[in-house]
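Novice: Numbering (the working numbering), first residue to last: 115 to 249.
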Amino acid sequence: AVRVCSEIAQEVPREIAAQTGASIRRVSLRYRNPKNIPDEYERRKLEEFEQQHRARALADESFDVVREDGRQYLRYMRPILVGPMCVTCHGPREAIPSSVRAVLAEKYPEDRATGYRSGDLRGAVSVKIPIGPEN
């Protein structure tokens, strides 16, 4: 499971980005991989998703047109909820099998992505597409 999330799930976004120029990634406030640290826009949206989730009113998606660094972008985010299989690696530390904990400790020594339960908000898929010329 660690390989699926850390390697295989990253391949498709890289391929799409190479073909389209879009940025597609997973982000979380409690990230495991430092590559998944949210930018300012993503952090704000993740905080909104968390508030919505606590209020049992989580949006299916969010999108905005924003100007960043002199260029317009379409920003799209879709929440990721923890599924039953996810808790094997993202659940309470004491419930994660010792073999999995060992792999995670070696690969991600600064891991922040444990302690989740099924149904929790894990993070989001974030898409950033340039839609205007550079200024």
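Where is the CB? At the ideal position from N, CA and C, for every residue including glycine. Because the structure is a prediction, the values reported are computed rather than measured.
(1) According to DSSP, is R215 part of a helix, a strand, or is it coil?
(2) Three or more C-beta pairs closer than 8 Å, one from the region 154-165 and one from the region 231-248: is that the case here?
(3) Taking only the alpha-carbon atoms, compute the straight-line gap between L172 and Q166 and give it to the nearest angstrom.
(4) Report the three-state DSSP secondary structure of A238 (helix, strand or coil).
(5) Once DSSP output is grouped into helix, strand and coil, what is the label at I151?
(6) Using the DSSP secondary-structure output, state which residues sit across from S176 in a beta bridge.
(7) Given this structure, state the Cα-to-Cα distance separating H204 from I151, to the nearest angstrom.
(8) Nearest-angstrom Cα distance between P247 and R185?
(9) Would you check if the distance between the CB atom of L188 and the CB atom of I245 is smaller than 9 Å?
Specialist: Based on what the coordinates show:
(1) Counted from its first residue, the sequence shown places residue 215 at position 101. In this structure, R215 counts as helix in the three-state DSSP scheme.
(2) A contact exists between the region 154-165 and the region 231-248.
(3) On the sequence shown, residue 172 is found 58 positions in, with the first residue counted as 1. On the sequence shown, residue 166 is found 52 positions in, with the first residue counted as 1. Going from the Cα of L172 to the Cα of Q166 covers about 5 Å.
(4) On the sequence shown, residue 238 is found 124 positions in, with the first residue counted as 1. In this structure, DSSP gives A238 an extended state, which the three-state scheme calls strand.
(5) As a working mapping, residue 151 is identified with position 37 in the sequence shown. DSSP places I151 in coil when its eight states are reduced to three.
(6) Within the sequence shown, numbered from 1, the residue matching residue 176 stands at position 62. As a beta-bridge residue in DSSP terms, S176 pairs with M191.
(7) Start at 1 with the first residue of the sequence shown, and residue 204 comes out as number 90. Start at 1 with the first residue of the sequence shown, and residue 151 comes out as number 37. The alpha-carbon atoms of H204 and I151 are separated by roughly 17 Å.
(8) Working through the sequence shown from its first residue, we reach residue 247 at position 133. Working through the sequence shown from its first residue, we reach residue 185 at position 71. Using only the alpha carbons, I get a separation of about 6 Å.
(9) Within the sequence shown, numbered from 1, the residue matching residue 188 stands at position 74. Within the sequence shown, numbered from 1, the residue matching residue 245 stands at position 131. Judged by beta-carbon spacing, I245 lies within the 9 Å limit of L188, meaning their Cβ atoms are closer than that value.
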